[in-house]
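Presented below is the structure to which this report refers.
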Amino acid sequence: MSSHSESPLQPLPVSPILSESMPAGSTSQGVLDRRTLLICAVAAIVAFAATITAKVLVLLIAFVTNLAFFGRFSTANASPASSHIGLLVFVVPAVGGIIVGLMARFGSRAIRGHGIPEVMEQILTNESRIPPKVTFLKPTSSAVAIGTGGPFGAEGPIIATGGALGSLVGQLLRTTAFERKILLAAGAAAGMTAIFGSPIAAVVLAVELLLFELRPGSIIPVAIACVVAAGARTLLFGAGPVFAMPSLQPASGGALAFYSFVGLVAGIASVAITKAVYWIEDAFERIPIHWMWYPAIGGLVVGAVGYFAPRTLGVGYFNITDLLGARVIGSAALALAACKFLSWVLALGSGTSGGTLAPLFTIGGGLGAAVGSAGIALLPNLGIDVRVAALVGMASLFGGASRALLTSIVFALETTQQPAAVLPLLAGCVAAYLVSCLAMRNTIMTEKIVRRGIRVPSEYMADYLDHVEVGKIGRKPLVTLFDHQRLDEVRDWLRIHQAASGHQGYPVLDQDGGLVGVVTRRNLLDPEMSGSSLLREVVLRPPVCIPENATLRDAADRMIREGVGRLPVTDANDPDRLVGIVTRSDILGAHEVRLREAEQAERTIQLRRAAR
398 MSSHSESPLQ
408 PLPVSPILSE
418 SMPAGSTSQG
428 VLDRRTLLIC
438 AVAAIVAFAA
448 TITAKVLVLL
458 IAFVTNLAFF
468 GRFSTANASP
478 ASSHIGLLVF
488 VVPAVGGIIV
498 GLMARFGSRA
508 IRGHGIPEVM
518 EQILTNESRI
528 PPKVTFLKPT
538 SSAVAIGTGG
548 PFGAEGPIIA
558 TGGALGSLVG
568 QLLRTTAFER
578 KILLAAGAAA
588 GMTAIFGSPI
598 AAVVLAVELL
608 LFELRPGSII
618 PVAIACVVAA
628 GARTLLFGAG
638 PVFAMPSLQP
648 ASGGALAFYS
658 FVGLVAGIAS
668 VAITKAVYWI
678 EDAFERIPIH
688 WMWYPAIGGL
698 VVGAVGYFAP
708 RTLGVGYFNI
718 TDLLGARVIG
728 SAALALAACK
738 FLSWVLALGS
748 GTSGGTLAPL
758 FTIGGGLGAA
768 VGSAGIALLP
778 NLGIDVRVAA
788 LVGMASLFGG
798 ASRALLTSIV
808 FALETTQQPA
818 AVLPLLAGCV
828 AAYLVSCLAM
838 RNTIMTEKIV
848 RRGIRVPSEY
858 MADYLDHVEV
868 GKIGRKPLVT
878 LFDHQRLDEV
888 RDWLRIHQAA
898 SGHQGYPVLD
908 QDGGLVGVVT
918 RRNLLDPEMS
928 GSSLLREVVL
938 RPPVCIPENA
948 TLRDAADRMI
958 REGVGRLPVT
968 DANDPDRLVG
978 IVTRSDILGA
988 HEVRLREAEQ
998 AERTIQLRRA
1008 AR
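Residue numbers for the sequence shown follow our numbering, beginning at 398 and rising by one.
Right under this line is the structure:
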């Protein structure tokens, strides 16, 4: 026996130690491996397939729209708002709801809803495994719902379909759960890029709502997928901004303050809308009929609203363009927002299949245009631009409802290509985000799955264990044993030197000082082991080491993978030299500093409050 501290025997000599390579993510190698290159290639293929799927979905929506509202077989772009079917507009959305209800009941219930929460649920609970049939049923059901007048956008369904496509490919290739999550997020982000031409916003959306992390190994494949989708989109959909608007001028200080107010109003509206969506869902659940018929009821409401406000029917991207171009302002903009909200919230609450982004943009844009018009009338010298107000309202409402703050800002910039709107968007979206965080716990994206008992991460913080190197807590005095010692000799030593032998694990060395393995106190005191046994017979497995410049996260991961509770620590510059040992208790104890700092900050806040 030997020790670096007080011990009746000699200290541990410098000797060769069996050591493994540095764990992934540590400082001796890159943060990526060759497997990431394969995932990047697969993500690019998924992105191309998702873009084609987006084009097929758009054509399918157009086909259903032409058939349902114009009685013709065509895939030409058409809007239900320009149809002249009279009172039949009450019936068409209800028929679409019946078809969607049948598909949900006899196909897959997963097609219900607006897509993103369902994708999030599969990531958090099912290792990113989405049933393959959803890949086909989701776009088909959405095309029926939207084509028959449903007040939804195509982006939600294609995000869900792209995610399902990525998940399917991941399942076919037998990837890990982490790799499937990346492919799912890549497919979803590619779908959003294909519809809106917003690759950067799609990457940020994946980070904020799907990946729940920001690491090179996950964001690079998603970014590559968005680049591929953006390139393919120019071939299938054309180039240029989705929501074209006249060039904007930089905002003055007073106007910037007003746009912050627009964001504040949109934030309040986002809280009310989120609560309304789930209140309507709960109300439908109390109707004493099978849920299959709920979309038909929602369709009747869609038809009724559409009869008096035809603009609310269908995708309605032209509404957003008109709002951003100041062609719909004042009370007309407010009426559009109100009617779109009524139609959308009842249709979505009924459990039909459709998207959320476009309706929220329309409602937010209408609200922003109405507030902007009022601001111009009351404060004519402030330099308010109703187009900017509409843009801020559009982004802020979505940002408040989803709490995807960065996505909202970047999306508005990419889809309009108006760099002068950066500051107004930042001011308005932050205001809405602040209101949302203060007023509600969950978002329009997370409320549904939180109700099912699933915890959704709401904050992304760096792992504290990644900040602490193993050597800071693992470099310590050691008590070592030798493989040629007999077990009864070691047991006698344990009984005599309780203070010096209070460790729970002991490195075992050979005659040359090389590490043979680690034995625990339980191994040494096992009554089934004969006292005449040599320690080399007690060692159950080869040693698993970790270098001192690895992180505690590396150590924790290695303990889990290897099924051990302690790791010998080797010198950073000499991997053949043992310098300590790190245990599970050491890793948990490392959080003591973090907790102490948090408690100190909380006490400071309390003292300040008391002083007031």
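Glycine included, C-beta positions come from ideal geometry on N, C-alpha and C.
Asked: Should the stretch 487 to 500 be called in touch with the stretch 558 to 576, which here means at least 3 C-beta pairs below 8 Å?; Found: no
Asked: At 3 residues or longer, what runs of the beta strand (DSSP E) sit wholly inside the stretch 881 to 948?; Found: 902 to 906, 912 to 917
Asked: Compare the C-alpha of arginine 577 against each of Ala587, Gly911, Ile527 and name the closest.; Found: Ile527
Asked: In whole angstroms, give me the CA-to-CA distance for serine 747 and threonine 450.; Found: 26 Å
Asked: Whole angstroms is fine: what's the gap from alanine 734's alpha carbon to glycine 727's?; Found: 11 Å
Asked: Between Ala652, Met589, Leu456, which has its C-alpha nearest leucine 776's C-alpha?; Found: Ala652
Asked: Determine the direct distance from the alpha carbon of isoleucine 621 to that of phenylalanine 770, and round the result to whole angstroms.; Found: Here residue 770 is serine; the residue named in the question, phenylalanine, does not match the sequence. Each residue's Cα considered, the two are about 41 Å apart.
Asked: Measuring alpha carbon to alpha carbon, tell me which residue in Arg849, Phe795, Arg1005 is nearest glycine 664.; Found: Phe795
Asked: In angstroms with no decimal places, state the Cα-to-Cα distance between valine 783 and arginine 981.; Found: 60 Å
Asked: Express the C-alpha separation of valine 668 and alanine 475 in angstroms, rounding to a whole number.; Found: 33 Å
Asked: Is the beta carbon of isoleucine 1017 less than 8 Å from the beta carbon of valine 674?; Found: A question about residue 1017 goes unanswered here, because the residues of the chain that appear run from 398 up to 1009.
Asked: Buried or exposed: where does glutamate 515 fall if 16 or more other Cβ atoms within 10 Å of its Cβ makes it buried?; Found: buried
Asked: Over what stretch of residues does the beta strand (DSSP E) that includes valine 876 continue unbroken?; Found: 876 to 879
Asked: Between Ala693, Ala582, Thr812, which lies nearest to glycine 637 when the distance is taken from Cα to Cα?; Found: Thr812
Asked: Serine 929 to phenylalanine 879, Cα distance in whole Å?; Found: 14 Å
Asked: How close, in whole Å, do the beta carbons of valine 492 and threonine 545 come, if the pair is a contact with beta carbons under 8 Å?; Found: 6 Å
Asked: Secondary structure at glutamate 866, three-state DSSP: helix, strand or coil?; Found: strand
Asked: For threonine 843 and valine 832, which I take to be in contact (beta-carbon distance under 8 Å), what is that distance rounded to the nearest angstrom?; Found: Rounded, the Cβ-Cβ distance is 17 Å, inconsistent with contact.
Asked: Between valine 593 and the rest of its own chain, which residues show a CB-CB distance below 6 Å, the 5 nearest in sequence each way excluded?; Found: It is phenylalanine, not valine, that sits at residue 593 in the sequence shown. Closer than 6 Å at the Cβ level, and outside the excluded window around phenylalanine 593, lie Val639, Thr812.
Asked: In whole angstroms, what separates the C-alpha of leucine 964 from that of valine 941?; Found: 6 Å
Asked: Compare the Cα-Cα distances from valine 725 to each of Ala987, Gln997, Arg708 and report the closest residue.; Found: Arg708
Asked: Kindly list the residues whose CB is nearer than 6 Å to the CB of leucine 581, restricted to its own chain and excluding five residues on each side of it in sequence; keep chain order.; Found: Ser525, Gly560, Gly563, Ser564
Asked: So which of Ile482, Ile458, Leu457 has the shortest CA-CA distance to phenylalanine 467?; Found: Ile482
Asked: If you run the structure through DSSP and keep just helix, strand and coil, what is glycine 510?; Found: strand
Asked: Give me, in chain order, the residues of the same chain whose beta-carbon lies closer than 6 Å to that of tyrosine 704; leave out the 5 immediate sequence neighbours on both sides.; Found: Val486
Asked: Three-state secondary structure (DSSP) at proline 777?; Found: coil
Asked: In terms of DSSP beta bridges, what is valine 966 paired with?; Found: Ile943, Gly977
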